[in-house]
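Take the sequence shown: its letters are residues 453 to 755, numbered as in this note's numbering.
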Amino acid sequence: MIYTVTLNPSIDYIVEVEDLRLGDLNRMKRDLKLPGGKGINVSRVLNQLGVQNKAMGFLGGFTGRYIEDWLHEESISSDFVFVSDDTRINIKLKHGEETEINGVGPVIHDPEANTLLQKLAALNAEDVLILSGSVPPSLGADFYDKLIAVCKQSGAEFVIDTTGAALQKALAYQPLLVKPNHHELAELFGVTIDTREEIITYGRKLLDAGAKNVLVSMAGEGALFITEQGVYHANAPSGKVKNSVGAGDSMIAGFVGTLSLTGDLLEAFRAGVASGSATAFSDDLADREFIEQLRPLIQISEV
Ligand SMILES: Nc1ncnc2c1ncn2[C@@H]1O[C@H](COP(=O)(O)OP(=O)(O)O)[C@@H](O)[C@H]1O
Ligand SMILES: O=P(O)(O)OC[C@H]1O[C@](O)(COP(=O)(O)O)[C@@H](O)[C@@H]1O
């Protein structure tokens, strides 16, 4: 079974304005509220792909209930710890460009944090745990270390999609997959990255540090897949970008879901890119039909 953990879910409030004027009254052209947070997005796309999974993490208040109801409507199994503070609302402003303002997240108290750790102690070696997104500051910067320790004890595999020191520290525990985008990869090493060769050089360092598979996503430029077996590039199909929020999460869902169904790394890579692009070309996350439509358009070549 695949479990996703979202420590800091959100309602993504997507707001479109014609022309943003700071310091002035702006009227919305369109707005949309979606459940968000990286693991929740992964769960929703896994569900589209017909891959059974359970969404876990922390939810709170009216915003938390909104997300739980949405998942229930989509028949996604969930087991969140409820906290007293409200789940955050992240603003995704579309004004020709995409500007994001993400909230800090609720305060999580120690007993609530321990409840999540206890729930995860029931994992077993057949399971995959997907750890995604930022950590609410009240949990402490080492909370992913605690989750990874519980996961390792159970023999389950884990995937981690986060940034900075938390990602760096996780590598030694041999995650099944890490998926930085090329900006996050550069930030991790404190460098600027301009070429595909440089992405491969730094991506390999993640492999050397312990990751079993490394996906580096490059938005409209597709992605690089760096693994012991070789280095591969996949194109992103062309299309009209509607809302790229969640494209990276969709890629993780496509990859992990397809790997769990087929055991084939390159098919997993192809499905990951198709799922990411299908989300970028949709208002909400990708649906199954669109992912299947894009899948044959993804060409993979060995670099
Ligand atoms: N503009 C785009 N055109 C086509 N595909 C896209 C676009 N933006 C994202 N994607 C797809 O989604 C994947 C992940 O997107 P990316 O923006 O790199 O991740 P993240 O959301 O983590 O920053 C890309 O590898 C690509 O397949
Ligand atoms: O936990 P963080 O880093 O604040 O990110 C949360 C945000 O990331 C998202 O999951 C989207 O992530 P991606 O675009 O990287 O796939 C949003 O739904 C959410 O608002």
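Note that CB positions come from ideal geometry on N, CA and C, so glycine has one too.
Proximity of the stretch 553-572 to the stretch 490-498 falls short of the contact definition, fewer than three beta-carbon pairs being nearer than 8 Å. Counted as a single uninterrupted DSSP element, the alpha helix (DSSP H) harbouring H635 occupies residues 634-641. Comparing alpha carbon positions, the residue from H635, I612, D537 closest to Y625 is I612.
Counting along the chain, the unbroken alpha helix (DSSP H) around K571 starts and ends at 562-572. Contact between the stretch 543-553 and the stretch 593-612 is absent: fewer than 3 CB-CB pairs across the two stretches fall below 8 Å. When the Cα atoms are used, I645 and A638 turn out to be separated by approximately 6 Å. Distance from the C-beta of V630 to the nearest heavy atom of ligand 1 is not below 7 Å. At a Cβ-Cβ threshold of 8 Å, I704 and K604 do not count as neighbours.
In the DSSP annotation of this structure, the continuous segment of the beta strand (DSSP E) that includes G509 starts and ends at 505-512. Scanning the stretch 615-692 for uninterrupted beta strand (DSSP E) segments of 3 residues or longer gives 665-669, 675-679, 682-686, listed from N- to C-terminal end. E468 is a Cβ neighbour of R482, given a cutoff of 8 Å. Apart from sequence neighbours up to five positions away, the residues of its chain that approach A688 with a beta-carbon distance below 6 Å are G672, G674, S729, ordered along the chain. G488 has its CB nearer than 7 Å to a heavy atom of ligand 2. 8 Å or more divides the Cβ of F707 from the Cβ of G682. By the neighbour-count criterion, in which a residue is buried when 16 or more other Cβ atoms sit within 10 angstroms of its Cβ, K544 is buried.
In the three-state DSSP reduction, S753 falls in the strand class (E or B).
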